[in-house]
Amino acid sequence: MKMSMNINILCLVIVTLMIVSSTGATKQSNGIECDPKTMDETTRWLFFLNDPLRNIPETETERSQFCLEKNQKEHYVKQYAKRCLKAFPYQVTTLLMYGVIRKNKYYCNFNRGKKDIVSMAKCLNAIKPQATQCMNKLIDEAMVTVNAPTKLKIGLICWYVYI
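Using mature numbering (1 follows the signal peptide of the UniProt record, and there is no 0), the letters of the sequence shown map in sequence onto residues -25 to -1, 1 to 138.
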């Protein structure tokens, strides 16, 4: 059940990134630069696995710094979604970010979460290269659908993820 839920979330992430990246050129909206590349990098940082520069914090000092950065990046994503995306991509982005924001809030605001993230950091950081490689391969192969007819894209991506 948990694996199925993770696959569904991954499918939604890929679809959202495709929607966000296809929304057009950079523009300015109420002080937020509507640059899909910046949004992609920020979202990648929040999801952890695809950011080669980010590790899970292993000390309390690193965790505090992580929480400061997390707050800034979550704010950027919320503002980008609100000001730069149309209704459907906004809704999908908001749904996807809810889980990430909630989990990060647990790691930053609750004593047990603070202990949990630091205690599991060494293990997660050790497997990160393999997990990142696997995730990148999945995303690269799923991007085959970019040139597919619009009405088939979501179905093809979800079909691919379930294989």
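C-beta: ideal position from N, C-alpha, C; glycine also. If you're wondering where the values come from, they're calculated on a predicted model, not measured in any experiment.
Q: Would you check if there are 3 or more beta carbon pairs closer than 8 angstroms linking the stretch 99 to 118 to the stretch 24 to 43?
A: yes
Q. Would you say residue 83 and residue 45 are within 9 angstroms of each other, going by their C-beta atoms?
A. Your numbering for residue 83 matches position 108 in the sequence shown. Your numbering for residue 45 matches position 70 in the sequence shown. Contact: yes.
Q. Looking only at its own chain, which residues have a Cβ that is under 8 angstroms from the Cβ of residue 57, when we skip the five neighbours before and after it?
A. Here residue 57 is taken as the residue at index 82 of the sequence shown, counted from 1. Only 65 meet the Cβ criterion.
Q: State the Cα-Cα distance for the pair residue 19 and residue 26, rounded to the nearest angstrom.
A: Here residue 19 refers to the residue found at position 44 of the sequence shown. Here residue 26 refers to the residue found at position 51 of the sequence shown. Straight-line Cα distance between these residues: approximately 6 angstroms.
Q) Whose C-beta lies closer than 7 angstroms to the C-beta of residue 17 among residues of the same chain, with five residues either side of it excluded? A) Along the sequence shown, one-based indexing puts residue 17 at 42. Residues of the same chain with a CB within less than 7 angstroms of the CB of residue 17, apart from the 5 flanking positions on each side, are 48, 51, 52 in chain order.
Q: In angstroms with no decimal places, state the Cα-to-Cα distance between residue 90 and residue 37.
A: For the purposes of this step, residue 90 is taken as the residue at position 115 of the sequence shown. For the purposes of this step, residue 37 is taken as the residue at position 62 of the sequence shown. Whole-angstrom Cα-Cα distance: 12 angstroms.
Q: Have a look at residue 22 and residue 61 and give me their C-alpha separation to the nearest angstrom.
A: Position 47 of the sequence shown, counting from 1, holds the residue named residue 22. Position 86 of the sequence shown, counting from 1, holds the residue named residue 61. Distance between the alpha carbons of residue 22 and residue 61: 22 angstroms.
Q | Delimiting residues of the alpha helix (DSSP H) encompassing residue 15 | A | The count along the sequence shown starts at 1 and reaches residue 15 at position 40. Boundaries of the alpha helix (DSSP H) around residue 15: 11 to 22.
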